[in-house]
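> In our numbering, the protein residues as written are 3 to 373.
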């Protein structure tokens, strides 16, 4: 028997996140999740008259394929994946790997080469389809969140089926302010960073890209970031966990990067020329996601957080930076995490994780939970 929450989530992903319509094609890309959920996605797509195609993956098999990849294998994989992606108007991906470090023993050079080769598939999906990606709740995620498996599952379905339409309305004033802003100044323990977002759009994300969602993002003008930023949440990239990441930037480029694994950190930032420039700046506002669990689809939405992203910029908010890397690094600025400030053009807009201007106060956790 299928859990009724599966059908509710599938309906949200198909009808709200991807806005699927009759006659459209959707690629349902799932890994290590219950078959019942994939079936509900197929049914939801067909209910609106869309044509679903399904790929079921397994994380251990993916590891084996990537670990032994060659140039010819990676190019073949890219060509097949890109051909399929160009046949659809929407993309839904759910990942449920029990071991988030499955790729940790893939040699760095192999992982970097494979990522570079596969980048056109990701770029096409992000820029040319209506897409949404999410994790599937697992015991390891529950453990990372310091919750029981059952409690985490309840939390997961509550936050993933939140009323994102109402959240979208509350985000509009912030998106408007970010679009008009020129200079951003970030302050906090170990952080003093300035950069320009002049001329850049601001994109409000409320369930139409990631689930859970809750961020408004922009992008620094490529050569404008100067100063230092110290992140206070763990970050997982290519199967390796990093803590206490600190980036120092001059004229937009990361010239010094340190962490608990400084060598591996710099190996990733040396993937290509664009990996040391910034491709995204975003403010997280989800009132139900309060603490990190080393899962970026949750952590980047934490209320009172921001993330700053070495690597590839999105075409819809483009500073021209190109890279095989897109690494969201999260800084929580709520008081209990050390506090911090966000300034737009000399105006303090958020202090210790709480928005101060009247038009932005509806985004504070206590108010946003009411929507």
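Cβ coordinates follow ideal geometry from the N, Cα and C atoms, glycine included.
Helix, strand or coil: which one does DSSP assign to residue 31?
Strand at residue 31.
> In terms of DSSP beta bridges, what is residue 232 paired with?
Answer is 248.
> Ends of the alpha helix (DSSP H) at residue 336?
That residue, residue 336, is in no alpha helix (DSSP H); it is neither H nor E in DSSP.
> Which residues in the same chain as residue 140 place their Cβ atom closer than 7 Å to its Cβ, once the five residues preceding and following it in sequence are excluded?
So the list reads 98 and 100, once near-sequence residues are dropped.
> Okay, do the segment 181-195 and the segment 339-354 touch, 3+ Cβ pairs below 8 Å being the bar?
Result yes; three or more Cβ-Cβ pairs closer than 8 Å.
> Among 320, 88 and 11, which has the Cα closest to the Cα of residue 26?
Here the closest residue by C-alpha is 88.
> Would you check if there are 3 or more beta carbon pairs closer than 8 Å linking the segment 220-236 to the segment 192-202?
With the cut-off at 8 Å, the segment 220-236 and the segment 192-202 touch.
> For residue 41, write down the residues that DSSP places opposite it in a beta bridge.
Answer is none; residue 41 lacks a bridge partner.
> Any chance you could list the beta strand (DSSP E) runs of at least 3 consecutive residues sitting entirely within the segment 129-181, in chain order?
Listed in chain order, they are 132-137.
> Using three-state DSSP, classify residue 64 as helix, strand or coil.
Here residue 64 sits in helix by DSSP.
> Would you give the residue range spanned by the alpha helix (DSSP H) that residue 18 belongs to?
Where residue 18 is concerned, there is no enclosing alpha helix (DSSP H), given that its DSSP letter is neither H nor E.
> Excluding five sequence neighbours on each side, which residues of the same chain lie with their C-beta closer than 6 Å to the C-beta of residue 253?
Contacts found: 225.
> On the DSSP bridge assignment, give the partners of residue 288 in chain order.
Beta-bridge pairing links residue 288 to 304.
> So, at 7 Å on beta carbons, what are the nonlocal neighbours of residue 77 in its own chain, with the 5 sequence-adjacent residues on each side left out?
Answer for residue 77: 119, listed in chain order.
> Check each candidate in 69, 357 and 297 and name the one with the smallest Cα separation from residue 1.
Limits of the chain in this structure are 3 at one end and 373 at the other, which puts residue 1 out of reach.
> Output the boundary residues of the alpha helix (DSSP H) element that contains residue 367.
Residue 367 -> alpha helix (DSSP H) spans 367-370.
> For residue 239, report the span of its beta strand (DSSP E) as first-last.
237-239 is the extent of the beta strand (DSSP E) around residue 239.
> Under the rule that 16 or more other beta-carbon atoms within 10 Å means buried, what is residue 38, buried or exposed?
Residue 38 should be labelled exposed.
> Hey, how far is the Cα of residue 82 from the Cα of residue 35?
Cα to Cα, the separation comes out at about 23 Å.
> Which one of 60, 65 and 23 has the shortest CA to CA distance from residue 46?
When only C-alpha atoms are compared, the closest one is 23.
> How is the alpha helix (DSSP H) around residue 74 delimited, first residue to last?
First-last of the alpha helix (DSSP H) with residue 74: 73-87.
> When burial is assigned at 16 or more other CB atoms within 10 Å of the CB, is residue 54 buried or exposed?
Looking at its Cβ environment, which holds 16 or more other Cβ atoms inside 10 Å, residue 54 is buried.
> Excluding the 5 residues preceding and the 5 following residue 95 in the sequence, name in chain order all residues of the same chain whose CB lies nearer than 6 Å to its CB.
Within the same chain, residue 95 has close Cβ partners 31 and 135.
> Consider the Cβ of residue 34: report whether some Cβ of chain D lies at a distance smaller than 8 Å.
Among the chains in the structure shown there is no chain D, since it carries only a single protein chain.
> Measure the C-alpha to C-alpha separation of residue 68 and residue 372 and round it to an integer number of angstroms.
Between residue 68 and residue 372, the C-alpha separation is close to 45 Å.
> Nearest by alpha-carbon distance to residue 250: which of 159, 228, 108 and 109 is it?
Among 159, 228, 108 and 109, the Cα nearest to that of residue 250 belongs to 228.
> Would DSSP call residue 225 helix, strand or coil?
Coil, per DSSP.
> Since residue 264 is in the alpha helix (DSSP H), which residue starts that stretch and which ends it?
That run of the alpha helix (DSSP H) goes 264-271.
> Report buried or exposed for residue 309, applying the criterion of at least 16 other Cβ atoms within 10 angstroms of its Cβ.
So residue 309 counts as buried.
> DSSP puts residue 1 in a beta bridge; with which residues?
The requested residue 1 does not occur in the structure, where the chain is confined to residues 3 to 373.
> Please list, in chain order, all residues of the same chain as residue 230 whose beta carbon is under 8 Å from its beta carbon, the five residues on each side excluded.
Excluding sequence neighbours, residue 230 sits near 192, 193, 194, 195, 248, 249, 250 and 251.
> Going along the chain, which residues of its own chain have a beta-carbon closer than 6 Å to the beta-carbon of residue 317, five neighbours each way excluded?
The residues are 129.
> Taking the alpha carbon of residue 277 as the reference point, which residue from 296, 257 and 285 has its own alpha carbon closest?
Out of 296, 257 and 285, 257 has the C-alpha closest to the C-alpha of residue 277.
> For the candidate residues 177, 208 and 147, whose alpha-carbon lies nearest to that of residue 20?
Closest by alpha carbon: 208.
> Within the continuous beta strand (DSSP E) that includes residue 256, where are the two ends?
Element bounds for residue 256: 255-260.
> Under 8 Å by Cβ, that's how I've got residue 365 and residue 287 pegged, so tell me the actual separation to the nearest angstrom.
So it is a contact: roughly 5 Å between Cβ atoms.
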